[in-house]
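Colleague:
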Amino acid sequence: MTDLNGHHNHMPPTDITALGQAGFVITNPAGRIAIDPWLSDWIEQPEREVPEKRAIRAPIRPENLTGLSAVLVTHGHDDHLDPGAIAAISEANPDAPIVLPAPIASLAVGIGVPEDRLVRAYVGQPIDLGAV
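Below, the structure is given as structure tokens:
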């Protein structure tokens, strides 16, 4: 690989795969992280009588999203903390912590994520996930 200054560097390759909406999976030799994995066919929105459907089908079913080192959830909206998928993703990746803002931890527990799998993020406090 060559950096922006034309210098050769030996960084391992990193793959970034879009999941739709704001979701991504980032994979490199150090591990695999899912960010905001919204994989449901709908967005549950209390102010709407009919849930909003995805424009494009999710590229993978939640239980098939495996091999994750961690799952990062940026905030509590349904299209980021997917109530229809996060418990299945957690179950399919029993060693992956679910990292999320501390104020939404109870939301995750309420939709089936085991309390002991959560890593609460606080503003300004780093979280060590090892090599990833």
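Just so we're aligned: the sequence shown equals residues 529 to 660 in this note's numbering.
Here a beta-carbon is modelled for each residue, glycine too, at the ideal position from N, C-alpha and C.
From what residue to what residue does the beta strand (DSSP E) around Ala615 run?
Modeller: Residue mapping note: residue 615 aligns to position 87 of the sequence shown, counting from 1. Run containing Ala615: none in the beta strand (DSSP E); it sits in the alpha helix (DSSP H), 614 to 620.
Colleague: Pull up the distance between the alpha-carbon of Glu643 and that of Val627, whole angstroms please.
Modeller: Translated into positions along the sequence shown, residue 643 becomes position 115. Translated into positions along the sequence shown, residue 627 becomes position 99. Answer to the nearest angstrom: the Cα atoms are 11 Å apart.
Colleague: In whole angstroms, what separates the C-alpha of Gly612 from that of Ile655?
Modeller: Locating residue 612 in the sequence shown gives position 84, counting from the first residue. Locating residue 655 in the sequence shown gives position 127, counting from the first residue. Spanning the two alpha carbons is a distance of roughly 26 Å.
Colleague: Using a Cβ-Cβ cut-off of 7 Å (strictly less than) and excluding sequence neighbours within five positions of Ala615, which residues of its own chain qualify?
Modeller: Looking up residue 615 in the sequence shown gives position 87. So the list reads Ile639, Gly640, Val641, once near-sequence residues are dropped.
Colleague: Between Thr530 and Glu580, what straight-line distance do the alpha-carbon atoms span, to the nearest angstrom?
Modeller: Along the sequence shown, read from residue 1 onward, the residue named residue 530 stands at position 2. Along the sequence shown, read from residue 1 onward, the residue named residue 580 stands at position 52. Note that Thr530 scores 46 on pLDDT, short of 50, meaning its location in the model is unreliable; the coordinates nonetheless yield the value given after this. C-alpha separation (whole angstroms): 43 Å.
Colleague: Can you look up Leu635 in the DSSP assignment and give me helix, strand or coil?
Modeller: As a position in the sequence shown, residue 635 is number 107, starting the count at 1. Here Leu635 sits in helix by DSSP.
Colleague: Output the boundary residues of the beta strand (DSSP E) element that contains Gly551.
Modeller: For the purposes of this step, residue 551 is taken as residue 23 along the sequence shown, with counting starting at 1. It spans 551 to 556 - the beta strand (DSSP E) in which Gly551 sits, taken as one unbroken run.
Colleague: Per DSSP, what kind of secondary structure is Thr530 in: helix, strand or coil?
Modeller: Along the sequence shown, one-based indexing puts residue 530 at 2. Low confidence applies here, because Thr530 scores a pLDDT of 46, under 50, leaving its location unreliable and the question unanswered by this model.
Colleague: Residues in its own chain within less than 6 Å of Glu591 by CB, not counting five upstream and five downstream?
Modeller: Taking the first residue of the sequence shown as 1, we reach residue 591 at position 63. The answer, listed in chain order, is Ala616, Ala620.
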